[in-house]
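Right, one structure below, let's go through it.
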Amino acid sequence: MLGLCLGLAGTIWAQVPAEQMTLSWTHTIEKIRWAEDYRLTNEGFILEQARVKGSGAGMEIPADAVLKDGSWHYKPHLPILPMLKLGRTPEAGDYQLCVSSTQAGQQCHSMSYWVGEPTTEQPSIELWGCDIPS
């Protein structure tokens with residue numbers, strides 16, 4: 004079964020059944036909420052949609068974005084991403100990760116639910132698609 008692996012340098016810290024996921028966080032400087040919706044395939048992540056509550060440092064809203072329910076919605080045009088590498092420190096706060104699969108339904112938790120609190124000793128994490136036991 005296709006799932007989501009969380010870890011670093013190929014070492015798996017957690018496996019979560021997932022066919023789709025939403026990764027969201029609050030920008031550390033601008034304090035603005037950001038969210039990205041991905042579909043997971045055997046080749047990697049397809050970024051299907053992104054949302055941001057406003058603009059700011061490094062957060063330019065694309066020209067084709069549409070304001071809906073207080074957020075700017077847009078579709079990024081990126082190739083399939085084989086892996087996501089995320090910065091993760093106590094000062095920045097944690098990501099929220101919502102995963103869904105046909106077998107496990109939908110779950111939303113802070114990333115620390117699966118891999119523990121962010122630490123200065125381990126300031127990043129990687130996410131990739133992997134086969135997990137049924």
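Take any residue in the sequence shown, note its place counting from 1, add 3, and you have its number in our numbering.
The beta carbon of each residue, even a glycine, is placed where N, CA and C say it ideally should be.
Using beta-carbon positions only, say whether residue i and residue j come within less than 8 Å of one another.
i, j, result
"Q110", "V118", "no"
"E39", "L50", "yes"
"Y98", "W16", "no"
"G47", "M86", "yes"
"A21", "L7", "yes"
"H80", "G59", "no"
"E129", "L11", "yes"
Do residue i and the ligand PLP come close, with the Cβ less than 7 Å from some heavy atom?
i, result
"T31", "Of the ligands one can find in the structure shown there are none, so the ligand PLP has no counterpart to examine."
What separation, rounded to the nearest whole angstrom, lies between the Cα atoms of residue i and residue j?
i, j, result
"V69", "G13", "38 Å"
"I135", "P82", "24 Å"
"V19", "L84", "18 Å"
"Y41", "T123", "27 Å"
"R36", "G61", "13 Å"
"S115", "P121", "7 Å"
"N45", "L5", "7 Å"
So residue i and residue j are supposed to be a Cβ contact under 8 Å. How far apart are they, rounded?
i, j, result
"K88", "S137", "28 Å between Cβ atoms; not a contact."
"S74", "R91", "The pair is not a contact, with the Cβ atoms about 23 Å apart (cut-off 8 Å)."
"L43", "G132", "5 Å"
"K71", "Q52", "Wrong, their Cβ atoms sit about 11 Å apart, outside the cutoff."
Which same chain residues end up closer than 8 Å to residue i when comparing Cβ atoms and leaving out the 5 residues on each side of it in sequence?
i, result
"D113", "Residue identity differs from the one stated: residue 113 is Ser in this sequence, not Asp. Closer than 8 Å at Cβ, skipping near neighbours: D97, Y98, Q99, L100."
"D67", "Y77, K78"
"Q125", "L11, R91"
Identify every residue that forms a DSSP beta bridge with residue i.
i, result
"W131", "C8, M86"
"I15", "G10"
Using C-beta distances below 7 Å, list every residue in its chain close to residue i, excluding the 5 sequence neighbours before and after it, in chain order.
i, result
"A107", "P20"
"S104", "P20, A21, E22"
"E33", "G59, A60, M62"
"P65", "Y77"
Skipping 5 residues on each side, what residues in its chain have a beta carbon closer than 6 Å to that of residue i?
i, result
"H76", "R54, V69"
"M24", "Y41, V102"
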